[in-house]
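Protein sequence lines, in the order shown, are assigned to chains H and D.
Sequential numbering of the first sequence, starting at 71, is according to the numbering used here.
Sequential numbering of the second sequence, starting at 384, is according to the numbering used here.
The beta carbon of each residue, even a glycine, is placed where N, CA and C say it ideally should be.
Treat the numbers as computed from the prediction; the structure is a model and nothing was measured.
Worksheet: one structure, shown below.
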Amino acid sequence: AQKITQTQPGMFVQEKEAVTLDCTYDTSDPSYGLFWYKQPSSGEMIFLIYQGSYDQQNATEGRYSLNFQKARKSANLVISASQLGDSAMYFCAMKGSARQLTFGSGTQLTVLP
Amino acid sequence: NAGVTQTPKFQVLKTGQSMTLQCAQDMNHNSMYWYRQDPGMGLRLIYYSASEGTTDKGEVPNGYNVSRLNKREFSLRLESAAPSQTSVYFCASSNARGASYEQYFGPGTRLTVT
Numbered sequence: 071a072q073k074i075t076q077t078q079p080g081m082f083v084q085e086k087e088a089v090t091l092d093c094t095y096d097t098s099d100p101s102y103g104l105f106w107y108k109q110p111s112s113g114e115m116i117f118l119i120y121q122g123s124y125d126q127q128n129a130t131e132g133r134y135s136l137n138f139q140k141a142r143k144s145a146n147l148v149i150s151a152s153q154l155g156d157s158a159m160y161f162c163a164m165k166g167s168a169r170q171l172t173f174g175s176g177t178q179l180t181v182l183p
Numbered sequence: 384n385a386g387v388t389q390t391p392k393f394q395v396l397k398t399g400q401s402m403t404l405q406c407a408q409d410m411n412h413n414s415m416y417w418y419r420q421d422p423g424m425g426l427r428l429i430y431y432s433a434s435e436g437t438t439d440k441g442e443v444p445n446g447y448n449v450s451r452l453n454k455r456e457f458s459l460r461l462e463s464a465a466p467s468q469t470s471v472y473f474c475a476s477s478n479a480r481g482a483s484y485e486q487y488f489g490p491g492t493r494l495t496v497t
């Protein structure tokens with residue numbers, strides 16, 4: 071069985087600063103993918119970034135980067151230069167051999183002006 | 384290119400009523416999924432369809448049925464709605480079965496059962 075744990079229910083960050091959102095996972099699958107999604111208050115799910123379990127380098131997409139530490143089973147999302155529009159709920163998710171996405175409980179990020 | 388569309392956007396049901404949530408995608412994806420999201424929680428998989436003609440149970444299938452009508456459409460049916468099924472329902476689709484393929488989500492259906 072797969073499990074995703076997000077231990078930060080809420081986070082605050084000052085505009086223009088960087089913030090790290092934590093995610094740890096547990097799986098017995100040798101091959102898996104890790105995803106981060108953003109859910110603004112409007113409710114839609116927006117894909118941000120993906121990391122494969124065999125990828126040697128950490129994934130980056132613009133201001134988003136994924137700090138992947140396989141031995142620690144962690145896949146933290148780093149948002150650089152936070153903007154007011156980054157205020158949203160952020161979900162970490164994993165897909166393994168079952169091809170199903172398993173989601174964490176989410177972190178509510180608030181960017182302060 | 385509309386992506387993933389869901390109807391209706393909002394619905395209120397009385398306990399015991401039935402309804403079908405509709406989902407369609409125009410990205411020629413093989414796999415489609417239904418999730419529910421309860422307050423303060425992440426999404427939980429109800430059912431999925433890895434390809435046209437197949438459906439499988441997810442984490443929370445009780446009280447639901449699904450139909451993969453064709454490659455584009457995947458519907459979710461509540462036969463006898465219960466207050467515990469009050470939730471936001473998301474449909475998603477994905478290009479392939481591999482772990483590397485992201486899922487694209489519809490806008491969600493907010494369902495209230497009284």
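{"Asked": "Give the straight-line distance between the Cα atoms of H:GLN139 and D:GLN420, rounded to the nearest whole angstrom.", "Found": "28 angstroms"}
{"Asked": "Between which residues of its own chain and H:ASN128 is the CB-CB distance below 8 angstroms, once the five residues before and five after are set aside?", "Found": "GLN121, SER135, LEU136, ASN137 and PHE138"}
{"Asked": "Grab the span of the beta strand (DSSP E) containing H:ASP96 for me, first residue to last.", "Found": "94 to 96"}
{"Asked": "Indicate whether at least one CB of chain D lies closer than 7 angstroms to the CB of H:MET81.", "Found": "no"}
{"Asked": "Give the C-beta separation of H:GLN78 and H:LEU91 to the nearest angstrom, bearing in mind that I take them to be a contact with Cβ-Cβ under 8 angstroms.", "Found": "7 angstroms"}
{"Asked": "Beta-carbon separation of H:THR172 and H:MET164 under 7 angstroms?", "Found": "yes"}
{"Asked": "With which residues is H:GLY103 paired in a DSSP beta bridge?", "Found": "H:GLY122 and H:LYS165"}
{"Asked": "Can you tell me whether D:ALA465 is buried or exposed, with buried defined as 16 or more other CB within 10 angstroms of its CB?", "Found": "exposed"}
{"Asked": "Just to check my reading of the structure: D:SER450 and D:SER463 have Cβ atoms closer than 8 angstroms, yes? What is that Cβ distance to the nearest angstrom?", "Found": "At roughly 17 angstroms, the Cβ-Cβ gap does not stay under 8 angstroms, so D:SER450 and D:SER463 are not in contact."}
{"Asked": "Which residue from H:GLY166, H:ASP156 and H:GLN170 puts its Cα closest to that of D:ALA475?", "Found": "H:GLN170"}
{"Asked": "Answer with yes or no whether the minimum CB distance from H:TYR120 to chain D is below 7 angstroms.", "Found": "yes"}
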